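K.L.:
Mind having a look at this structure? Questions to follow.
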Ligand code: ACM
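Numbering (this note's numbering), first residue to last: 105 to 381.
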């Protein structure tokens, strides 16, 4: 039996006040936690006015480079606490080499970084951008991946990825046992939908959202909170309200991610992909 203490952290960042936002986030981490997921763009805020403003707060997070200030600070915290931390960060990166062609132009991704207590890192770059994100971020170019951390297999997705069932399905088919889902949700549907994503893939999901409002353009945004932990049988193990900061915590048993749902049914072995279009 493998049990872990997990948490989805819910904060209320003040736009651009990275130092104070990091301080608040770190204060919300529960003790003796194996895995903590923080919201999307957790320390900067969400509603950047333009690409220049975004660039001024974006940082390097790639595992083979010296990281920026948010990632460095969270690396220290992961090391001191023994907690694997997953956090949404605006990522400054050089272009990738898709199609074998080197692209050295600047890229800024809406990313999440997984930081292990030993200081090693993994990254995910948001594939499905939401609303005005399309104007200022580059769409993720690394695909989905599943990584080992704290003794389990973790798949990362970010916020609006939830509405594409392919995201959670792809991660689960790759072996993810836990979906780590940093979010800045404004539409009301995701918390209920993630119950189905967990159930149909028999995985745990940790959705970490924020609360509060941002009014930095003509379209103010209100974030819905409701950070949660859901079990592979669709049980809501923990959920915060829509107007509180804190940590939704649960003790999870990885054995429950077994795909056998009845004596005769394994939900992955029973798939009939030849009929799926
Ligand atoms: C979102 O993807 N931040 C809604």
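C-beta: ideal position from N, C-alpha, C; glycine also.
Just so it is clear, the structure is predicted and the values come from calculations on it, not from any experiment.
(1) Using only the heavy atoms of the ligand ACM, determine whether one of them is closer than 7 Å to the beta carbon of residue 263.
(2) Between which two residues does the alpha helix (DSSP H) harbouring residue 257 extend?
(3) Could you tell me if the beta carbon of residue 289 falls within a distance shorter than 7 Å of some heavy atom in the ligand ACM?
(4) Assuming residue 337 contacts residue 352 under a Cβ cut-off of 8 Å, what Cβ separation, rounded to an integer in Å, is found between them?
(5) With respect to the alpha helix (DSSP H) encompassing residue 297, which residues constitute its N-terminal and C-terminal limits?
(6) Kindly provide the ranges of any alpha helix (DSSP H) runs that are 4 or more residues long and lie completely inside the region 156–226, ordered along the chain.
(7) Please say whether residue 225 and residue 167 have beta carbons closer to each other than 8 Å?
(8) Tell me whether residue 378 sits in a helix, a strand or coil according to DSSP, three-state version.
(9) Roughly how many whole angstroms lie between the Cα atoms of residue 356 and residue 255?
(10) Tell me which same chain residues have a C-beta within less than 7 Å of the C-beta of residue 305, skipping the five on either side of it?
P.N.:
This is what the structure gives:
(1) Here residue 263 refers to the residue found at position 159 of the chain shown. Result yes, Cβ under 7 Å from the ligand ACM.
(2) As a first step, residue 257 must be located in the chain shown, where it is residue number 153. Looking at the DSSP string, residue 257 is not in any alpha helix (DSSP H); the run it does join, the beta strand (DSSP E), is 256–260.
(3) Residue numbering aside, residue 289 sits at position 185 when the chain shown is read from its first letter. Within the cutoff, so yes.
(4) Your numbering for residue 337 matches position 233 in the chain shown. Your numbering for residue 352 matches position 248 in the chain shown. That belief does not hold up - the Cβ atoms of residue 337 and residue 352 are roughly 18 Å apart, past 8 Å.
(5) Your numbering for residue 297 matches position 193 in the chain shown. Its alpha helix (DSSP H) spans residues 294–305.
(6) 173–185
(7) By one-based count along the chain shown, residue 167 stands at place 63. By one-based count along the chain shown, residue 225 stands at place 121. It is a contact, given that the beta carbons lie within the stated cut-off.
(8) As a first step, residue 378 is located in the chain shown; it is residue number 274 there, counting from the start. If DSSP states are grouped into helix, strand and coil, residue 378 belongs with the helices.
(9) Here residue 356 refers to the residue found at position 252 when the chain shown is read from its first residue. Here residue 255 refers to the residue found at position 151 when the chain shown is read from its first residue. So the two alpha carbons sit approximately 13 Å from each other.
(10) The residue you call residue 305 lines up with position 201 of the chain shown. Correct list, in chain order: 272, 273 and 276.
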